[in-house]
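Undergrad: The structure follows.
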Amino acid sequence: MNLEANTPDQQEALGGILADACPERCVIYLEGNLGAGKTTLVRGFLRSMGYEGAVKSPTYTLLEPYDLGSRSCYHFDLYRLSDPGELEYLGIRDLLEENAILLIEWPEKGVGELPPADLWVHIHYQGEGRRLELVSETPSGSKVIEEIDRRLQA
873 MNLEANTPDQ QEALGGILAD ACPERCVIYL EGNLGAGKTT LVRGFLRSMG
923 YEGAVKSPTY TLLEPYDLGS RSCYHFDLYR LSDPGELEYL GIRDLLEENA
973 ILLIEWPEKG VGELPPADLW VHIHYQGEGR RLELVSETPS GSKVIEEIDR
1023 RLQA
């Protein structure tokens, strides 16, 4: 599935639609060049789930947890990860036991330690805007794409 966002506000809105379509447990890989808007998408995702605070990329902390009442969400930015084994120090295995949503920027840095993705979101520059390509990796990911399509058609 391909989606277009011509402004950061539109990209945030797509993040909200993604959040609304997401099950309680989901692993989403976010791929795109620096500045492509991965964190902008996450901001919209979290705001749609009721988070009102600032959302920044966890570039230096690698992980930012969000407790959203009945749901948990973990935002990873692995850009500065030097070794995939470092994910063990972040408690990745414990997080996988929860009903939680994992939003993972730069997943290629965690190969071998990350759980498989349910959904890939590839963000590409398209003129001044962005094209978001959503690719399902599991039946759960396919359901997310179907639900996003349904919401956009309504």
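Just add 872 to wherever you are in the sequence shown, counting from 1, and you've got my numbering.
Where a beta carbon is used, it is the ideal one built from N, C-alpha and C, also for glycine.
Helix, strand or coil for D949? Go by DSSP, reduced to three states.
TA: D949 falls in the strand class under three-state DSSP.
Undergrad: Using a Cβ-Cβ cut-off of 6 Å (strictly less than) and excluding sequence neighbours within five positions of E1019, which residues of its own chain qualify?
TA: Closer than 6 Å at Cβ, skipping near neighbours: A893.
Undergrad: Considering A885, what are the terminal residues of the beta strand (DSSP E) in which it resides?
TA: No beta strand (DSSP E) contains A885, which is instead part of the alpha helix (DSSP H) from 880 to 893.
Undergrad: In whole angstroms, give me the CA-to-CA distance for T1110 and T933.
TA: Coverage of the chain is limited to positions 873 through 1026, which leaves residue 1110 absent and any answer about it impossible.
Undergrad: How many angstroms separate the CA atom of L959 from the CA atom of E985?
TA: One C-alpha to the other measures close to 7 Å.
Undergrad: Do the stretch 877 to 890 and the stretch 983 to 1003 touch if we need at least three Cβ pairs shorter than 8 Å?
TA: In short, these stretches touch, since the Cβ pair count reaches three.
Undergrad: What does the alpha-carbon distance come out to for the pair V983 and G957?
TA: Looking at the two C-alpha atoms, the distance is approximately 9 Å.
Undergrad: With a Cβ-Cβ cutoff of 8 Å, do R952 and T931 count as a contact?
TA: Yes, the Cβ-Cβ distance between R952 and T931 is below 8 Å.
Undergrad: List the whole-angstrom C-beta distance separating L935 from L962, where the pair is believed to meet the contact cut-off of C-beta under 8 Å.
TA: Going by Cβ atoms, the distance from L935 to L962 rounds to 5 Å, so yes, they are a contact pair.
Undergrad: Where DSSP assigns a beta bridge to W992, which residues make up the other side?
TA: Y901, V1007, per the DSSP bridge assignment.
Undergrad: What whole-angstrom Cβ distance do N874 and E1005 have, given they're in contact under 8 Å?
TA: Their Cβ separation, rounded to whole angstroms, is 5 Å, which keeps N874 and E1005 in contact under 8 Å.
Undergrad: Which residue comes first and which comes last in the alpha helix (DSSP H) that contains L913?
TA: L913 -> alpha helix (DSSP H) spans 910 to 920.
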